[in-house]
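S.K.:
In UniProt numbering, the protein residues as written are 1 to 202.
1) Out of 172, 84, 69, 59, which has the shortest C-alpha to C-alpha gap to residue 193?
2) How is residue 166 classed by DSSP in three states: helix, strand or coil?
3) Measuring straight from C-alpha to C-alpha, what distance separates residue 43 and residue 170?
4) Spell out a yes or no on whether the region 72 to 89 and the region 45 to 53 are touching, meaning 3 or more CB-CB pairs, one atom from each, closer than 8 Å.
5) Helix, strand or coil, according to DSSP, for residue 82 in the structure here?
6) Can you list, in chain order, the residues of its chain whose CB lies under 7 Å from that of residue 7, leaving out five sequence neighbours each side?
7) Starting from residue 35, trace the alpha helix (DSSP H) both ways and give me its first and last residue.
8) Ordered along the chain, which non-local residues of its own chain (more than five positions away) have a Cβ less than 7 Å from that of residue 29?
Now the structure itself:
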């Protein structure tokens, strides 16, 4: 079952009948907006996972702000990895192919995005990181990594919410629409968490 808030899926259809329902919904009527949403969101999620992996790879204190940042990074990773697998499965059922079906080399982002900016406020298309931002995040450590991760992930989430809002307006597939609403609800809550951590760290 795809849990939009908790980010978990189950491979046991017999144990969880909702899983079969979700997959059935994924295979019924869809339109071009649904395909665009899923293909772009797969790349978007993959970048968020790699950003979170950088934070999770850093040694951290067991309490305080650093630990809280890592809790959020793990939360994001745990939620979005199974969603990527689910979205790829839907696209396969529809006969569509994801734009990026592998790790994003160096987290360079999606084709056609603005690669000139360097600050979180100058993120590329849909909140994806620019080349400069990718380099900055990869090189950062400690408190600088935490701060930059939060700033970039807030912009990243804002881009995902915009994409999801477009899907709600233009999409057709029930499962994709449900995913879009879950993205909005979950990521808006995470934005508020991250903004609070940034404020506390000032």
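Just so it is clear, CB atoms sit at the ideal spot from N, CA and C, and this is done for glycine as well.
If you're wondering where the values come from, they're calculated on a predicted model, not measured in any experiment.
M.R.: With the structure as the only source:
1) 69
2) helix
3) 20 Å
4) yes
5) helix
6) Note that residue 7 scores a pLDDT of 38, beneath 50, so its modelled location is shaky and nothing firm can be said.
7) 32 to 56
8) 172, 173
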